[in-house]
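Engineer:
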Amino acid sequence: MIDQAVRTFVALAGEVGLHYDFLLSPSEVRPWIAGMGTTLLLVLLAIPLSLAAGVAFAAALTSGRPWLAGPVRAYVELTRNTPTLVQLMFAFFALNMLLSKALGGAANNPFTPFFWVVAVTGLHIAAFHAEALRGGIEAVPAAMVETAHAIGFSSFEVLRYVTLPLALRTAMPAIVNNLVNLVKLTTIGSAIAVGEVTYASIMIWTQRDNVLELMIVILLFFGFINTVLSQIGRYVERRLAVPGYGV
Amino acid sequence: MARTASTKLPLCALALTLLAGAFGSEARADATLDRIKGRQKLTVGIILSGAPFGYIDPQSRAEKGFNIDLAKALAEKLGVKVELVTVTPPNRVQFLQQGKVDVLIANMQFTEDRAKIMDHVQTPYDRAGGAALGRKDSGIKDWTDLKGKPVCISQGSNYAQPLADTYGAEVKGIPSQPESMLALQGGNCVIAVHVAPTIKLLLADRPDAWKDYAIVIPTELEPADSVIWLRKGERDTGAALDAAVRELHASGAMLEMAKANRLVDPTFLEEARRKYAAPAKP
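Line order of the protein sequences matches chains B and Y.
Its first residue numbered 1, the first sequence is counted upward by one per residue in the UniProt record's numbering.
Its first residue numbered 1, the second sequence is counted upward by one per residue in the UniProt record's numbering.
1. Keeping to the same chain, check which residues put their C-beta closer than 8 Å to that of residue 186/B; ignore five residues upstream and five downstream.
2. Is residue 231/Y near the ligand ADP, going by C-beta to nearest heavy atom under 7 Å?
3. Pull up the distance between the alpha-carbon of residue 184/Y and that of residue 153/Y, whole angstroms please.
4. So residue 207/B and residue 160/Y are in contact, right, with Cβ under 8 Å, and what is the actual spacing, rounded?
5. Please determine if the region 162-176 of chain B and the region 79-99 of chain B are in contact, where contact requires at least 3 C-beta pairs separated by less than 8 Å.
6. When you compare only the Cα positions, how much space is there between residue 62/Y and residue 56/Y?
7. Residue 106/Y and residue 46/Y look like a contact to me (Cβ under 8 Å); what is the Cβ gap, rounded to whole Å?
8. Which runs of the alpha helix (DSSP H) spanning at least 4 residues fall entirely within the region 112-185 of chain B, listed in chain order?
9. Determine which residues share a DSSP beta bridge with residue 213/Y and list them.
10. Over what stretch of residues does the beta strand (DSSP E) that includes residue 168/Y continue unbroken?
11. Would you mind stating whether residue 131/Y and residue 146/Y have Cβ atoms separated by less than 8 Å?
12. Pairs of beta-carbons, one from the region 97-117 of chain B and one from the region 52-60 of chain B, closer than 8 Å: are there three or more?
13. By Cβ distance, which residues of its chain are closer than 6 Å to residue 249/B, with the 5 residues on each side in sequence left out?
14. Can you find a CB in chain B that lies within less than 8 Å of the CB of residue 67/Y?
15. Please list, in chain order, all residues of the same chain as residue 41/Y whose beta carbon is under 6 Å from its beta carbon, the five residues on each side excluded.
16. Inspect the beta-carbon positions of residue 36/Y and residue 78/Y and report whether they are closer than 8 Å.
17. Note the first and the last residue of the continuous beta strand (DSSP E) segment covering residue 144/Y.
18. Report the residue from 236/B, 222/B, 228/B, 210/B whose alpha carbon sits nearest the alpha carbon of residue 23/B.
19. Determine which residues of the region 147-160 of chain Y have a Cβ less than 8 Å from any Cβ of chain B, and write them out in chain order.
20. Does residue 211/B get closer than 8 Å to chain Y when you measure Cβ to Cβ?
21. Considering only their Cβ atoms, is the gap separating residue 250/Y from residue 224/Y smaller than 8 Å?
22. Considering only residues of the region 199-267 of chain Y, which uninterrupted alpha helix (DSSP H) runs meet the minimum length of 4 residues and lie entirely inside it, listed in chain order?
23. Within 8 Å, do at least three Cβ pairs link the region 119-128 of chain Y to the region 253-273 of chain Y?
24. Indicate whether at least one CB of chain Y lies closer than 8 Å to the CB of residue 248/B.
25. Can you check the region 178-227 of chain B for any alpha helix (DSSP H) of at least 4 residues that lies completely inside it and give the ranges in chain order?
So this is what it looks like as structure tokens:
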């Protein structure tokens with residue numbers, strides 16, 4: 001049934017000059033479908049990592065403690081101002097190699113290329129989240145923070161119950177923006193042979209030279225993920241909206 | 001398969017001669033040959049994947065290598081100037097098909113799949129297979145030892161399929177050869193497979209940096225003819241270039257170029273020289 005549908009599609013696409021013949025070769029289709037799965041897995045792991053790290057960084061940046069804010073500020077600047085691809089290459093080729101040496105050989109190194117992609121993209125986007133949240137935290141009226149302190153909230157409680165919930169609402173559009181970027185950023189995994197969808201496609205089109213055909217699928221695939229992501233973002237934004245507060 | 005192509009050669013040439021005779025000498029050349037003659041320029045897509053085939057000279061910033069010399073020699077034979085366009089594995093076929101280049105001399109060996117979408121110059125300019133670079137203590141002795149082992153290749157290399165399908169290796173396609181070498185040194189793969197001449201030259205040039213490494217498998221993977229690719233149906237361009245490639249073999253110019261670019265093992269080119277030089281003798 002599915003087989004027949006694929007055949008019909010390949011034939012129809014062939015009519016208009018698009019070569020999707022690889023869909024009929026199981027040894028090529030399998031890694032390609034697995035590539036889509038890997039991309040989704042990368043996204044599902046990197047998003048929570050970026051959010052958790054972003055909140056922690058924002059808290060550190062607005063903590064008013066120089067020993068905490070200073071290093072995080074340096075990290076945020078470094079990450080925001082350098083290309084992610086270069087960071088990934090550095091992490092994988094340099095950092096990972098040093099780690100292997102320190103651990104006595106690559107066999108003892110538990111960090112896979114997959115891990116480095118999640119870590120680098122997640123922590124890269126976390127820096128952008130941190131800036132968005134810092135803006136939100138600083139936008140909370142000073143009087144409100146003072147009131148919270150006056151009724152006996154500790155600094156952490158002020159963050160947890162007052163500033164962060166409000167900052168999250170202000171920063172929501174920017175955070176969704178960052179997450180959309182994060183999804184697209186996972187494609188740099190192809191540079192270090194992580195089998196996500198672009199890598200899987202590169203491996204096919206370098207043999208079959210059907211770049212256009214696979215590009216179309218990649219664009220549709222990422223377009224679809226990000227449409228879903230934006231919809232979720234918009235839904236959460238509506239749910240969180242505080243009547244009468246904010247812009 | 002490459003062999004059958006070359007045995008068919010005389011037949012092909014005969015057919016071409018007959019065709020030319022049938023249509024008379026007034027017959028127009030195909031679009032590409034017309035364009036090359038018209039613009040007085042042969043546009044060649046080359047790949048800069050490293051010495052000895054194609055690389056940027058660190059001092060002069062100019063493109064150098066065997067492929068570049070071959071492009072220049074071919075243009076000279078056709079009596080036109082050469083224009084070099086750098087291509088990469090993902091875009092090279094598009095560049096050819098969209099007419100951005102006239103021909104490709106881009107480290108592309110003959111494969112059946114490629115022959116379906118492009119035509120090639122019948123006479124190969126070289127023959128190359130993949131060599132397996134690995135640590136001397138890796139314990140790998142044969143291609144069959146690679147089963148389940150991570151193997152680094154360049155994205156776009158035609159070794160992906162035989163390594164994965166025939167030998168069951170876990171293939172890792174790295175964007176380019178230098179990065180693949182880094183991945184090998186970092187222990188991310190056990191073996192790196194690249195075109196043999198590049199590996200041999202690397203080992204010869206930098207013995208200290210690579211003293212723990214060697215070509216661990218004595219045989220080459222999928223040795224195949226390196227050919228010049230052109231758009232489907234461009235017979236006249238193909239014939240003109242074929243004559244030029246044969247002349248370069250026969251005169252020994254091809255071998256000279258290979259030696260000048262330090263192709264470590266020019267056995268194929270020496271044989272080709274004998275083969276194509278022979279019929280010219282009275």
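Glycine included, each C-beta is placed from N, C-alpha and C at the ideal position.
Structural biologist: This is what the structure holds:
1. For this step, residue 186/B is matched to residue 186 along the first sequence. Cβ-Cβ distances below 8 Å link residue 186/B to 39, 42, 43, 46, 117, 121, 196 in the same chain, with the five nearest sequence neighbours on each side left out; the list follows chain order.
2. With respect to the ligand ADP, the structure offers nothing, as it holds no ligand at all.
3. Residue 184/Y sits at position 184 when you count from the first residue of the second sequence. Residue 153/Y sits at position 153 when you count from the first residue of the second sequence. For residue 184/Y and residue 153/Y, the gap between their C-alpha atoms comes out near 10 Å.
4. The residue given as residue 207/B occupies position 207 in the first sequence. The residue given as residue 160/Y occupies position 160 in the second sequence. Indeed, because the Cβ distance is near 7 Å, the residues count as touching under 8 Å.
5. Contact between the region 162-176 of chain B and the region 79-99 of chain B is absent, because fewer than three Cβ pairs lie under 8 Å.
6. Locating residue 62/Y in the second sequence gives position 62, counting from the first residue. Locating residue 56/Y in the second sequence gives position 56, counting from the first residue. Rounded to whole angstroms, residue 62/Y and residue 56/Y show a C-alpha spacing of 6 Å.
7. As a working note, residue 106/Y is residue 106 in the second sequence. As a working note, residue 46/Y is residue 46 in the second sequence. With 8 Å as the limit, residue 106/Y and residue 46/Y qualify as a contact, their Cβ atoms being about 6 Å apart.
8. Fully enclosed alpha helix (DSSP H) runs of 4 or longer: 113-139, 142-150, 164-185.
9. Position 213 of the second sequence holds residue 213/Y. Residue 213/Y is bridged to 135/Y.
10. Indexing the second sequence from 1 puts residue 168/Y at position 168. Residue 168/Y -> no beta strand (DSSP E), and no H or E assigned at all.
11. Residue 131/Y sits at position 131 when you count from the first residue of the second sequence. Residue 146/Y sits at position 146 when you count from the first residue of the second sequence. Not a contact, by the Cβ cut-off of 8 Å.
12. When Cβ pairs closer than 8 Å are counted between the two stretches, the region 97-117 of chain B is seen not to touch the region 52-60 of chain B, the count staying below three.
13. Any question about residue 249/B goes unanswered here, given that chain B covers just 1 to 247.
14. As a working note, residue 67/Y is residue 67 in the second sequence. By the rule that beta-carbons nearer than 8 Å mark a contact, residue 67/Y does not touch chain B.
15. In the second sequence, residue 41/Y corresponds to position 41, counting from 1. These residues qualify, in order along the chain: 80, 81, 83.
16. Your numbering for residue 36/Y matches position 36 in the second sequence. Your numbering for residue 78/Y matches position 78 in the second sequence. In this structure, residue 78/Y lies closer than 8 Å to residue 36/Y by Cβ.
17. Taking the first residue of the second sequence as position 1, residue 144/Y is located at position 144. First-last for residue 144/Y: undefined, no H or E at that position.
18. Within the first sequence, numbered from 1, the residue matching residue 23/B stands at position 23. Closest option to residue 23/B, judged by alpha-carbon separation, among 236/B, 222/B, 228/B, 210/B: 210/B.
19. Answer in chain order: 152, 155, 156, 157, 158, 160.
20. In the first sequence, the residue the question calls residue 211/B occupies position 211. Under the 8 Å criterion on CB atoms, residue 211/B is classed as interfacial with respect to chain Y.
21. Here residue 224/Y refers to the residue found at position 224 of the second sequence. Here residue 250/Y refers to the residue found at position 250 of the second sequence. No, the pair does not count as a contact, with Cβ atoms beyond the cut-off.
22. List check, alpha helix (DSSP H) in window: 235-251, 253-260.
23. At 8 Å Cβ cutoff, the stretches touch.
24. With chain B represented from 1 up to 247, any question about residue 248/B goes unanswered, as that position is not in the structure.
25. Qualifying alpha helix (DSSP H) stretches, in chain order: 197-208.
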